[in-house]
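Only one structure is covered here, and it is reproduced in the block below.
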Amino acid sequence: MDTDKEDLTDKPLKGKSTNGLSRKEFMKNMGGAMLSGGMLASLPFSDAEAKETTSENNAGLITPNTPRVDRVAADPTDIPGPISRRTPKTHEVTLVAKEVVAEIEDGVQFKHMTWNGQVPGPMIRVRQGDTVNLTVKNLSENTTIHNVDFHAVYGTGGCAKATTVPPGKDAQVSFKATYPGAFIYHCAVPRLDMHISSGMYGMIVVEPPEGLPEVDHEFYFGQNEVYTDKEAGEKGVHNFHKPSMIAENPTYVLLNGAKNAITPNRYGALEVDREETARVFMVTGGPNLTSNFHPIGNVWTKAWREGAIHNDPETYLQTCKVAPGSCGVFQMDFPVPENIMLVDHALSRYAKKGMLGIIKVNGEEQPEIFDAS
Amino acid sequence: MDTDKEDLTDKPLKGKSTNGLSRKEFMKNMGGAMLSGGMLASLPFSDAEAKETTSENNAGLITPNTPRVDRVAADPTDIPGPISRRTPKTHEVTLVAKEVVAEIEDGVQFKHMTWNGQVPGPMIRVRQGDTVNLTVKNLSENTTIHNVDFHAVYGTGGCAKATTVPPGKDAQVSFKATYPGAFIYHCAVPRLDMHISSGMYGMIVVEPPEGLPEVDHEFYFGQNEVYTDKEAGEKGVHNFHKPSMIAENPTYVLLNGAKNAITPNRYGALEVDREETARVFMVTGGPNLTSNFHPIGNVWTKAWREGAIHNDPETYLQTCKVAPGSCGVFQMDFPVPENIMLVDHALSRYAKKGMLGIIKVNGEEQPEIFDAS
Amino acid sequence: MDTDKEDLTDKPLKGKSTNGLSRKEFMKNMGGAMLSGGMLASLPFSDAEAKETTSENNAGLITPNTPRVDRVAADPTDIPGPISRRTPKTHEVTLVAKEVVAEIEDGVQFKHMTWNGQVPGPMIRVRQGDTVNLTVKNLSENTTIHNVDFHAVYGTGGCAKATTVPPGKDAQVSFKATYPGAFIYHCAVPRLDMHISSGMYGMIVVEPPEGLPEVDHEFYFGQNEVYTDKEAGEKGVHNFHKPSMIAENPTYVLLNGAKNAITPNRYGALEVDREETARVFMVTGGPNLTSNFHPIGNVWTKAWREGAIHNDPETYLQTCKVAPGSCGVFQMDFPVPENIMLVDHALSRYAKKGMLGIIKVNGEEQPEIFDAS
């Protein structure tokens, strides 16, 4: 399965049709402010800033109209499969900006900004040389402008300038994936740090022409940190808190958008069998913190720094930095049955702020490797 | 010398015998809470959390019973030597959790949690394919549970689940070192960030089968940051301060557990001769901060990222990141006589928070390389 | 052009002659305090600390005598060119410490400490095996001691001990560049974090004997973070604020010493033509923060970690960490016309704290690569 001709919009949220004015019409109506600034226009987003009609803190407020959803956490296994194709292809991809309310943990409501209702946004998978026809939709019930920046794209703002749209509008752009690797995409309006903190990031994998090594499983994770006006665990509505973001001091640090999302205590752990292998795709949205990504009780057998899957991997790394605005790709072995905990090894983020995922390895004990009997 | 059949317990602290109930008996008496949780049990440490009988801040308090010691700073030269053996071996290793009071700097008392009374804990050194029979002892005068997580181990919690013991108890586990590298070990109870901050981390070196390159010296360092309720330098008892840890804003950042520990102003500098070589083993306990490890007046001739001593090194790196929960291995040359200062190049940690070690290079001036006359 | 026999002092600031007492005479007059401390002297800067006659916060204050200048932002193109020479050479380099007032953004005055009036300081470029005769001048109108630490130097303090001079004095030292790479130099007095934060850092490039790959452009950038007693954007004089530095919570994060310095909104963007190539030299002064350096709308075609230009590059990296006290070297391709934004991808530093540079790529649209029409 790949993303070809697939609308990645998830099911739970049914926004009304967003096919109103196209972005080009919108910009025309705006008087072409973006293009009239001469040299000023080379600050690509300065015009967009002028279009924000509410304060940053207010943009994070939950209103009676904000849709409620049960879950934003992306399913780590719900991703396109490896590419066996050896010829170029054109993909139709739609990313839908959705502002929703979901719980970070039991009793803690937060207004997430998402791509297609999930955090991280859908994984897009192409082959080097493929073309992507991208549509960005901003639902009419949203409160602010959105756009998208792909690190896999040569072009102003990585698509962001051309995809900036107000609620109820959409925009189209095409790009060729000219270089290989795993790359972040994220909202890049002037308040991009707040939008990414709220969940607006995902990954595009550009496979090298020869494809990737075979593995038994592939898992997809994203880390972002959330800045709120309450302490972690305090019940009630948590509103976005700008001073905490400026101080880079978050309330929550989350794997897939919720506290302990991918564990038995929330949406369930992942499961593999002993002697299988897995590839882990990790994107750090940030907006500010670097993940120190470590599998407790295991090791990264192979690690591709910055998601550069075409370079030679380093082997047996324990804790890999995945910078904000970057990706890591890792291969794992499972020689013993165990529960592996994926954490940010800046451990207060695990122990106090919610960052945890679990992979359960099934199979017979191997006491010559690990014996706790 | 290697660690075979050696009890790594240091001399200064004489705890009474800890051979009471074994961990298995302890868990049985606890009603098997750990195993009865079904899927909940896959959060390996949730049961242990229930056993913490005091608040995190209280766990850091010094009581009349907390043993006083003169020094926790590990001697960087007191480590097992390189392995020349080319056959597998089984090691008996004992790690003893010891909560002690020692000065961070003159007049500043702090309750350290340590392995065997030293920070970082003893360096353990094995060869890929060796087996370790590990005993974890929790002294009866300690105040809380402890355990250990080895990044060199395949198995739940990297041994942590199987070694969680209350004061006065011990636990045994066996593991094989199946992959090479330099890896951290650390306490991994639910409040692991507080325990590591207080000193509970060390390094296990798993040499590749062919061993390591020859050098004239080997030095062992560890960095951890301490969060207290006072300002750096303020005299008196410094108690652990949880809000500072949550904000990742420490009072002290220490090399080997004390301010300027390995300098003439405290326990003495290291000394080498010109034209010798040295290998530096560095473990960052954290729990939260990354070291930007730099030798002032020198350079890392070779650097193995993440302690991956089996990978090809990079050469002539100035400032290497050693993430919390990771290790770096470095090789140094000493072409001129000088005083080299080892620092975290996030320089306020050196200038304001105590992070400094010194290597004194003896020998004749070499004015064609460096001439300050 | 290289730096041979060139006084790097910039034009705008005309300090009176600094050829008073040499450093050696100065130290003699000080009673040889540095050398009399026995083992204490192995803390190379402890003597210098005693010479600071004012508090750290006061050292940051603007006085009526502090020279006002229009600009401290270094021109990214004003650097020595690549070295084609294949024989050793001796360079005469002068670094002048200048404390000046300049605006960080419109209406925001700050007292910068600079090398030769620019931030980052002048790029010095030599070939491995070359010798540098270095003079450090401390202008008489300055308020405190200064010195310089080169990461390219074997020797105590990387020159810092031998170049510590009070206002009105100068010092000379010679060193050979024995290993290749791009290295930071920075002031390294006891309050080095405050001095670097205020702008006292730059880069020395030590080319390998065979030189560097050919490119069409070379650009030079530096990042430092500024800690003040006001909020970003608040008009008026911003004084240095020590508690913010200790908390590593800056007011501004700057590329080349001013908000949006290398953009059309301040001193102008850089310009290149489509299909050209560029090499980017990036030095992170810090003192505390790591840059997550990313070119929005582009990618690092080749990246040399830690400035290690003699090692094999990694390819197609999106966001590279440049640690405080380190450098990165990057190669870029420009296949499409666009405005590339250079940012720290800890995005609040771009969105809220001023970190931005722009490269404008001129040429014909390439709709088969990027089509926003």
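Residue numbers (the numbering used here), protein chains in the order written: chain W, 1 to 373; chain C, 374 to 746; chain D, 747 to 1119.
All C-beta atoms in this analysis are idealised placements derived from N, C-alpha and C, irrespective of residue type, glycine included.
Query	Result
Could you tell me the alpha carbon to alpha carbon distance between N684 (chain C) and A555 (chain C), rounded to whole angstroms?	12 Å
Go ahead and pull the three-state DSSP assignment for A423 (chain C).	Note that A423 (chain C) has pLDDT 40, beneath the 50 cutoff, so the model's placement of it is unreliable and no number is given.
V336 (chain W) versus chain C: which residues are under 7 Å apart at the beta carbon?	Y527 and G528
Note down the Cα distance separating V952 (chain D) from V226 (chain W), rounded to an integer number of angstroms.	42 Å
Quick test of your reading: L627 (chain C) and I477 (chain C), contact by CB under 8 Å. State the CB separation rounded to the nearest angstrom.	7 Å
Do I950 (chain D) and F1039 (chain D) count as a contact pair if the criterion is CB distance below 7 Å?	no
Please list, in chain order, the chain D residues whose beta carbon lies closer than 7 Å to that of E679 (chain C).	Result: empty, since nearest Cβ-Cβ is about 13 Å, beyond 7 Å.
Are the C-beta of D193 (chain W) and some C-beta of chain D separated by less than 7 Å?	yes
Taking the runs of the alpha helix (DSSP H) that are 4 residues or longer, which of them lie wholly in the stretch 174-234 of chain W?	192-197
Any Cβ of chain W within less than 7 Å of the Cβ of T1065 (chain D)?	yes
Return no unless some Cβ of chain C is closer than 7 Å to the Cβ of S1072 (chain D).	yes
So, using beta-carbon positions, are L1063 (chain D) and A1049 (chain D) closer together than 7 Å?	yes
Counting contacts by CB-CB distance shorter than 7 Å, is I1042 (chain D) in contact with chain W?	yes
Considering only DSSP beta bridges, list what F240 (chain W) is partnered with.	W:T228
Could you spell out the range, first to last residue, of the beta strand (DSSP E) harbouring R349 (chain W)?	Run containing R349 (chain W): none in the beta strand (DSSP E); it sits in the alpha helix (DSSP H), S348 to A351.
Would you decide whether S84 (chain W) is buried or exposed? Buried here means 16 or more other CB atoms lie within 10 Å of its CB.	exposed
Under the three-state reduction of DSSP, which class applies to M486 (chain C): helix, strand or coil?	strand
Along the chain, where does the alpha helix (DSSP H) containing K1005 (chain D) start, and where does it finish?	That residue, K1005 (chain D), is in no alpha helix (DSSP H); it is neither H nor E in DSSP.
Using a Cβ-Cβ cut-off of 8 Å (strictly less than) and excluding sequence neighbours within five positions of C700 (chain C), which residues of its own chain qualify?	G554, A555, F556, I557, M576, F654, M655, V656, T657, E679 and G680
Helix, strand or coil for R125 (chain W) per DSSP?	strand
By Cβ distance, which residues of its chain are closer than 7 Å to A942 (chain D), with the 5 residues on each side in sequence left out?	Contrary to the premise, residue 942 (chain D) reads as Ile rather than Ala in this sequence. Correct list, in chain order: H932, C933, N970, G1031, G1032 and P1033.
How long is the line joining the alpha carbons of K370 (chain W) and T467 (chain C), rounded to whole angstroms?	The sequence shown places Phe at residue 370 (chain W), rather than the Lys named in the question. Roughly 17 Å separates the two Cα atoms.
According to DSSP, is R68 (chain W) helix, strand or coil?	strand
Return the residue from the list D:P936, D:R873 and D:T974 that minimises the CA-CA distance to P826 (chain D).	D:R873
Assuming M123 (chain W) and A97 (chain W) are in contact, meaning their beta carbons sit under 8 Å apart, how far apart are those beta carbons, in whole angstroms?	That belief does not hold up - the Cβ atoms of M123 (chain W) and A97 (chain W) are roughly 17 Å apart, past 8 Å.
Which residues in the same chain as A651 (chain C) place their Cβ atom closer than 8 Å to its Cβ, once the five residues preceding and following it in sequence are excluded?	V588, D589, H590, E591, F592, V645, Q704, M705, F707 and I732
Can the beta-carbon of I296 (chain W) be found closer than 7 Å to that of G698 (chain C)?	no
Quick one: is M728 (chain C) near chain W, going by C-beta distance under 7 Å?	no
Report the neighbours of H485 (chain C) on chain W: residues whose CB is nearer than 7 Å to its CB, in chain order.	The contacting residues do not exist; H485 (chain C) stays about 17 Å from chain W at best.
Using a cut-off of 8 Å between C-beta atoms, extract the partners of L1093 (chain D) located in chain W.	L192, D193, I196, G286, P287, N288, P324 and G325
Three or more C-beta pairs under 8 Å: does that hold for the stretch 880-890 of chain D against the stretch 910-919 of chain D?	yes
With C-beta atoms as the reference, is V716 (chain C) less than 7 Å away from M728 (chain C)?	yes
One question on the structure: do A73 (chain W) and A351 (chain W) come within less than 7 Å of each other, judged by their Cβ atoms?	no
Applying the criterion that 16 or more other CB atoms from any shown protein chain within 10 Å of the CB defines a buried residue, is S1119 (chain D) buried or exposed?	exposed
Using a 10 Å radius around the Cβ and a threshold of 16 neighbouring Cβ atoms, would you call G121 (chain W) buried or exposed?	buried
Compile a chain-ordered list of the residues in the stretch 426-441 of chain C whose CB is closer than 8 Å to at least one CB of chain W.	none
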